[in-house]
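Data block below; observations after.
If you want it as structure tokens, here you go:
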């Protein structure tokens, strides 16, 4: 939604698929913290997930890519659809009316923006340092939040975030996720900290290292991280071919 | 869609969420074969997945439950949303026009039934012997098909079926699935055959047995299956509490 908010609200009925939206849970990793990108819409008291509508001639997945790109400036993002939210209670007509009125539009009962919306949820893993958060046309702020400090969110966005996190945790046993969240070179403690942050619990150092190396997706580099007081730890990077293969075929023991 | 097809097509615009549907991949297991329930719509050359529309005041998931119930006569079905299909190419206006015209309706370009549809996919695991396949108002037949013999399907329904199967295969390593697909009492070879059928490959008998017993979700009964020429095999049933726990918390090694 790069256009003017008023014109979107006015013409949305002609532009977009009716009653359908996408919402994106955008995760980043920084300073050993899992972060999520949130927006503050004008006239809303609460923060919200970045989302948008789907053009009548646009694939639903492309709408999610477009939202991500316009909120973060990033393309080629790791993006996965995880769930569609179709509960009756999830539309906030009152807030949407406020947005219409404040844009000088008539809040007619039949207005496309006041109908019930079903939303398709996507989660994304992005390179925190490469992302430049940008508010959309209806928002006054866009910022990274520590996962532990996320305030109460708009509508069912808290549930959507929770479901995305559950999905990510489940997929962590089956798929590698570090590539999109870590810098190119990283130490084993940094990788472990990423997993611990996503899972919300501490892991045993030796078991973690054994398991990660067992997957065969890491390459140990000749360089070490220097500068610390302790013995300098080795740097690793991902073996891209094996990483891609694990993404497709899974990490776990199969039947 | 238990009402008359013509009245649904005529009044659907007022009744249903626009441009959204549900499609259900209903799996059953019988005679050592994985089956899927398909419909043959009138005026369509191809078979299709059972599906339906969502009433304006109905949860999306409830629409899936309703479709399942009306096609199989079963309630309390194991049902999971697995993916939403939002490709541009997936609506067949020509077929839908035929359906309108044959119902004596005008195939106006703005007709709700001729718009682009996004569909939310659900898969279900049902007790084959308890299900009584019933066609819906727009169909002339409803029947179980062996998975290996499924004919080319309508629209993108072949892709939807494939994605459901992939999801089921992935979840098989993480979740127990036998409860909804097997009779109350079963032998280890019968359970193994179910897994082999879903995975489409043979499994080693001893590894399979060790792994299944290791999950702790089976109870061995005193009875044995009698009547065969070989040594009568033990009968098992699921330990319901542990099975439910495994459904919630997974079977696999976690981090």
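Residue numbers (this note's numbering), protein chains in the order written: chain A, 1 to 255; chain B, 1001 to 1255.
By construction, the Cβ of each residue, glycine as well, lies at the ideal position given by its N, Cα and C atoms.
Start and end residues, alpha helix (DSSP H) containing residue 159(A): 157–172
#### Entry: Whole-Å CB distance - residue 1113(B) paired with residue 1178(B), under 8 Å assumed
At roughly 40 Å, the Cβ-Cβ gap does not stay under 8 Å, so residue 1113(B) and residue 1178(B) are not in contact.
Any idea which residues DSSP pairs residue 1023(B) with across the strands?
1051(B), 1121(B)
Q.
For a test of the three-state rule: what should DSSP assign to residue 1073(B), helix, strand or coil?
A. coil
Review point. Should residue 1084(B) go down as buried or exposed, given a rule of 16 or more other Cβ atoms within 10 Å for buried?
Key: buried
For the stretch 109–137 of chain A, which residues have a beta carbon sitting closer than 8 Å to at least one beta carbon of chain B? 116, 118, 120
Beta carbon proximity, residue 189(A) to chain B, threshold 7 Å
no
Taking any Cβ of chain B, which residues in the stretch 157–184 of chain A have a Cβ under 8 Å from it, in chain order?
-> 170, 172, 173, 174
Worksheet entry | CB contact check: residue 84(A) to chain B, cutoff 7 Å | yes
(request) Flag residue 1018(B) as yes if its beta-carbon sits less than 7 Å from any beta-carbon of chain A, otherwise no. (result) yes
Quiz item: Beta carbon of residue 1038(B), beta carbon of residue 1145(B): below 7 Å?
Solution: yes
- [ ] Mark residue 51(A) as exposed unless 16 or more other C-beta atoms lie within 10 angstroms of its C-beta, in which case mark it buried.
- [x] buried
Item to check | Cα-Cα separation between residue 1064(B) and residue 209(A), rounded to whole angstroms | outcome: 44 Å
- Message: Can you check whether the C-beta of residue 60(A) is within less than 7 Å of a C-beta belonging to chain C?
- Response: The chain inventory of the structure shown lacks chain C, comprising the protein chains A and B.
Spatial neighbours of residue 135(A) within its chain, please: C-beta separation below 7 Å, excluding the five flanking residues on both sides. 39, 141, 142
Segments of 3+ residues assigned as beta strand (DSSP E) that fall wholly inside the stretch 58–104 of chain A:
78–85
Which residues, in order along the stretch 39–59 of chain A, keep a beta-carbon less than 9 Å from a beta-carbon of chain B?
54, 56, 57, 58, 59
Margin query: Can you tell me whether residue 1073(B) is buried or exposed? The criterion is at least 16 other CB atoms within 10 Å of its CB, across all chains shown.
Written below: exposed
- [ ] Assign residue 1133(B) to one of three DSSP states: helix, strand, or coil.
- [x] coil
Pick from 36(A), 16(A), 188(A) that is closest to residue 47(A), judged by C-alpha positions: 36(A)
**Report entry** Reduced DSSP category for residue 1197(B) - H, G, I as helix; E, B as strand; rest coil
**Finding:** helix
Item to check | Within 9 Å of chain A by C-beta, residues of the stretch 1064–1088 of chain B in sequence order | outcome: 1081, 1083, 1084, 1085, 1086, 1087, 1088
Quiz prompt | Neighbourhood of residue 206(A) by C-beta distance below 7 Å, restricted to the same chain and skipping five residues each side | solution = none
message = Comparing C-alpha positions only, which one of 190(A), 234(A), 24(A), 5(A) sits nearest to residue 124(A)?
response = 24(A)
Handout entry: Residue range of the alpha helix (DSSP H) that includes residue 239(A)
Key = Run containing residue 239(A): none; DSSP gives neither H nor E here.
_Whole-angstrom distance between residue 1121(B) and residue 1079(B), CA atom to CA atom_ = 10 Å
### Query
For residue 141(A), which three-state DSSP category applies?
strand
Could you give the C-beta distance for residue 1059(B) and residue 88(A), rounded to a whole number, given that I count them as a contact under 8 Å? 6 Å
> Taking contact to mean at least 3 C-beta pairs separated by less than 8 Å, is the stretch 1231–1251 of chain B in contact with the stretch 1163–1177 of chain B?
Replying inline: yes
Alpha carbon to alpha carbon, what distance is there between residue 187(A) and residue 150(A)?
28 Å
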